[in-house]
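In what follows, a single structure is set out as structure tokens and then discussed.
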Amino acid sequence: MSKKTISIIFSEWTDEFITTLIRSKSLCVALFSTNGELIFANDSMSALFKAEPFKSFINPTFDNLLLSDNSVPLIFEGFLTLGDYSSINTSLWAQVYRKENRLLVLGGVNAATLLDQNETMHQLNREINNIQRLLIKEKHSLEKTLIQLNEANAQLEKLNIDKDRFISILGHDLKNLFNNLLGFSELLTEDIRNLNTNEIEDIAKNINITAKITNKLLEDILLWVRTQQGKIPFKPQILNFRDICNNILEVLKPNADAKKIKINYSSTDDLNVFADDDMLKTVLRNLVSNAIKYTNKNGEVNINAEENFGNIIISVSDNGIGIANDELTKLFNISEVITTKGTANERGTGLGLLLCKDFVVKHGGKIWVESEVGKGSDFKFTLPISIEQARGINN
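Sequential numbering from 206 applies to the sequence shown in the numbering used here.
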């Protein structure tokens, strides 16, 4: 565009140019006298000046501009820094013109510089976003680590409780049993010549009973330890519940017959469960054995299995001595293992119900008890009925 054209436009639009010049937020215009007096400054330039406008020139300074060669009107072109040394400064791409005793300063943002700054800002934003993503990732990682640490601490606490209970069983129950064995054996050794046949038979019977109890306690302890260490294989399969139940009844029939206890079983013949054979037998054997132990002579034990919402609910109930309310919550807690003599002074290890809980939970089921003192107890647990049901529970 020629100067003539620009002159025509300016002459026709003088008022508009002046208004825009004064109000512009991007074009900076100032007119000084050579003695530093500010004659005019538009809004954008005024915003950059401090208390004394001519002292706001930092680089180059106002004095340096006056020393510039003024043989031509344009005495400076380049970056002009305005502000003061104690605050944020601003750099403009500017031209400074001098005519006699006046300096005209025209400045604004260089488009190339603005693009470079924008690119720098975009790059900075990308880096900040990357850092934010990394921080979020690290936060999630730390939260996950914290959860794992909490779980590890909880597991350690449980292991400490288990260890204390394990030592307690070894130190108390085994000691009592071995004291009985030592006492009976010493009595037999020292007085065998003075004892009659019936007395010898009684001592031998007590030794045998104590040895069986000791062996059962050791078996339960070893089985429980293997369970805690995850060393017992878990191989669930489709099993017919009646077959499992008949096997348990066959094993425990002598115990029930000795106390004239009747065991009733009710279930459909085609009722199947998805379970590990050995674990299911261990659970049923413990529950039925306990029911026999805490039921008086001529009592009854009932085993029932029924399908409920895709699960099998199995219950072992009796009409025995029952369990007090304050002891119900302790039955499946390793730190609260209790042993109570049966109605015929049978002794238990206190670990049977812990094994039951571990094995039932392994299947994705749950176990609980309902009881009333003097009226009996009803132990119940759930098992999946199929592979698909087991997967649904575990997921």
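No residue lacks a Cβ here, since even glycine has one placed at the ideal position from N, Cα and C.
request  = Inspect the CB distances between the region 288-306 and the region 344-352 and report whether three or more fall short of 8 Å.
outcome  = Taking 8 Å as the limit for Cβ pairs, the verdict is that the region 344-352 does not touch the region 288-306.
query = How far does the beta strand (DSSP E) with S238 in it reach, from first residue to last?
reply = Numbered from its first residue, the sequence shown carries residue 238 at position 33. C233 to S238 is the extent of the beta strand (DSSP E) around S238.
query = Using CA coordinates, which residue listed in Y499, N240, S238 and F245 is at the minimum distance from I223?
reply = Mapped onto the sequence shown, residue 223 falls at position 18. Checking every option, the nearest Cα to that of I223 belongs to F245.
ask   = Would you call Y290 buried or exposed, if buried means 16 or more other Cβ atoms sit within 10 Å of its Cβ?
value = Along the sequence shown, read from residue 1 onward, the residue named residue 290 stands at position 85. Flag for Y290 reads exposed.
inquiry  = Whole angstroms are fine: how far does the CA of G581 sit from the CA of T534?
reply    = Your numbering for residue 534 matches position 329 in the sequence shown. Your numbering for residue 581 matches position 376 in the sequence shown. Spanning the alpha carbons of T534 and G581 requires a straight line of approximately 16 Å.
Distance between A510 and D531 (C-alpha atoms, nearest Å) = Residue 531 sits at position 326 when you count from the first residue of the sequence shown. Residue 510 sits at position 305 when you count from the first residue of the sequence shown. The straight-line gap from Cα to Cα measures roughly 28 Å.
ask   = What are the start and end residues of the alpha helix (DSSP H) that includes P589?
value = For the purposes of this step, residue 589 is taken as residue 384 along the sequence shown, with counting starting at 1. Run containing P589: none in the alpha helix (DSSP H); it sits in the beta strand (DSSP E), G581 to P589.
message = Judging by CA-CA distance, which residue of L243, L311, S292 and E242 is the nearest neighbour of S231?
response = Residue mapping note: residue 231 aligns to position 26 of the sequence shown, counting from 1. Closest by alpha carbon: L311.
ask   = Going by alpha carbons, who is nearest to I501 out of I508, D481, N460 and A252?
value = Here residue 501 refers to the residue found at position 296 when the sequence shown is read from its first residue. Note on identity: in this sequence residue 501 is Asn, with Ile being the wrong assignment. Checked all of I508, D481, N460 and A252; the closest Cα to N501 is N460.
As assigned by DSSP and simplified to three states, the class of R490 = For this step, residue 490 is matched to residue 285 along the sequence shown. R490: helix per DSSP, three-state reduction.
task = Check each candidate in L489, F564, L427 and N413 and name the one with the smallest Cα separation from I679.
result = The structure shown does not extend to residue 679, since the chain is modelled only from 206 to 600, so the question has no answer here.
ask   = In its own chain, which residues sit with a C-beta less than 8 Å from the C-beta of A299, not counting the 5 before and 5 after it?
value = If you number the sequence shown from 1, residue 299 lands on position 94. Around A299: C233, F281, E282, G283, F284, L285, V310, L311, G312 and G313.
task = Name the one or two DSSP bridge partners that G312 has.
result = Within the sequence shown, residue 312 is the residue found at index 107, counting from 1. Residue pairing from DSSP places G312 in a beta bridge opposite C233 and A299.
message = I'd like the span of the beta strand (DSSP E) that includes K571, first residue to last.
response = Counting from one through the sequence shown, the residue named residue 571 turns up at place 366. Unbroken run through K571: none, as it is neither H nor E.
query = Where does the unbroken alpha helix (DSSP H) through G557 begin, and where does it stop?
reply = For this step, residue 557 is matched to residue 352 along the sequence shown. Counting along the chain, the alpha helix (DSSP H) containing G557 begins and ends at G557 to K567.
task = For the alpha helix (DSSP H) containing K459, list its first residue and its last residue.
result = In the sequence shown, counting from the first residue as 1, residue 459 sits at position 254. Note that residue 459 corresponds to Pro in the displayed sequence, not to Lys. P459 -> alpha helix (DSSP H) spans F446 to A463.
key: Cross-strand partners of A246 (DSSP beta bridge)   = Taking the sequence shown and counting its residues from 1, the one referred to as residue 246 is at position 41. Looking at the DSSP assignment, A246 forms a beta bridge with A235.
task = With DSSP as the reference, label N401 as helix, strand or coil.
result = Your numbering for residue 401 matches position 196 in the sequence shown. Looking at N401 - three-state DSSP - the assignment turns out to be coil, as it is neither helix nor strand.
inquiry  = DSSP has K417 in a bridge; who is on the other side?
reply    = If you number the sequence shown from 1, residue 417 lands on position 212. Paired residue(s): none; K417 is not in a bridge.
task = State the Cα-Cα distance for the pair I412 and K465, rounded to the nearest angstrom.
result = Taking the first residue of the sequence shown as 1, we reach residue 412 at position 207. Taking the first residue of the sequence shown as 1, we reach residue 465 at position 260. Answer to the nearest angstrom: the Cα atoms are 25 Å apart.
ask   = Going by C-alpha distance, which of F262, L387 and I443 is nearest T419?
value = Locating residue 419 in the sequence shown gives position 214, counting from the first residue. Of the candidates F262, L387 and I443, the one whose C-alpha sits nearest the C-alpha of T419 is L387.
message = As a quick exercise: from S273, L354, K410 and D583, pick the residue whose alpha carbon is nearest that of I526.
response = The count along the sequence shown starts at 1 and reaches residue 526 at position 321. Of S273, L354, K410 and D583, the residue nearest in Cα terms is D583.
inquiry  = I'd like to know whether the C-beta atoms of F537 and K562 end up nearer to each other than 8 Å.
reply    = Numbered from its first residue, the sequence shown carries residue 537 at position 332. Numbered from its first residue, the sequence shown carries residue 562 at position 357. Yes; because the gap between Cβ atoms is below 8 Å, this pair is in contact.
ask   = Can you list, in chain order, the residues of its chain whose CB lies under 8 Å from that of S494, leaving out five sequence neighbours each side?
value = Locating residue 494 in the sequence shown gives position 289, counting from the first residue. Hits under 8 Å: L457, N460 and G557.
key: Residue burial classification, T350 (beta-carbon count within 10 angstroms, cutoff 16)   = By 1-based counting over the sequence shown, the position of residue 350 is 145. Exposed, since its Cβ has fewer than 16 Cβ neighbours within 10 Å.
ask   = What residue does the alpha helix (DSSP H) around D531 start on, and which one ends it?
value = Against the sequence shown, residue 531 aligns to sequence position 326. Here the alpha helix (DSSP H) through D531 covers N530 to L533.
request  = Specify the secondary structure class of F514 as computed by DSSP and reduced to three states.
outcome  = Residue numbering aside, residue 514 sits at position 309 when the sequence shown is read from its first letter. Of the three classes helix, strand and coil, the one that applies to F514 here is coil, per DSSP.
key: Environment of G435 [buried if 16+ CB atoms lie within 10 Å]   = Locating residue 435 in the sequence shown gives position 230, counting from the first residue. Its Cβ having fewer than 16 others within 10 Å, G435 is exposed.
ask   = DSSP three-state call for A256: helix, strand or coil?
value = By one-based count along the sequence shown, residue 256 stands at place 51. If DSSP states are grouped into helix, strand and coil, A256 belongs with coil.
ask   = Just checking my contact of L271 with T239 at CB under 8 Å: how many whole Å lie between their CB atoms?
value = Position 66 of the sequence shown, counting from 1, holds the residue named residue 271. Position 34 of the sequence shown, counting from 1, holds the residue named residue 239. Contact flag correct, Cβ pair sits at about 6 Å.
ask   = Where DSSP assigns a beta bridge to G283, which residues make up the other side?
value = In the sequence shown, the residue the question calls residue 283 occupies position 78. For G283, which the question treats as bridged, DSSP gives the partners A299.
task = Identify every residue that forms a DSSP beta bridge with I526.
result = Taking the sequence shown and counting its residues from 1, the one referred to as residue 526 is at position 321. DSSP lists no partner for I526.
query = Which residues in the same chain as P278 place their Cβ atom closer than 7 Å to its Cβ, once the five residues preceding and following it in sequence are excluded?
reply = Within the sequence shown, the letter at position 73 stands for residue 278. Answer for P278: Y302, R303 and K304, listed in chain order.
ask   = How far does the alpha helix (DSSP H) with D268 in it reach, from first residue to last?
value = Counting from one through the sequence shown, the residue named residue 268 turns up at place 63. Where D268 is concerned, the enclosing alpha helix (DSSP H) stretches over F267 to L272.
request  = State the beta-bridge partners of Q442 as determined by DSSP.
outcome  = Numbered from 1 along the sequence shown, position 237 holds the residue referred to as residue 442. Residue pairing for Q442: DSSP places it in a beta bridge opposite A480.
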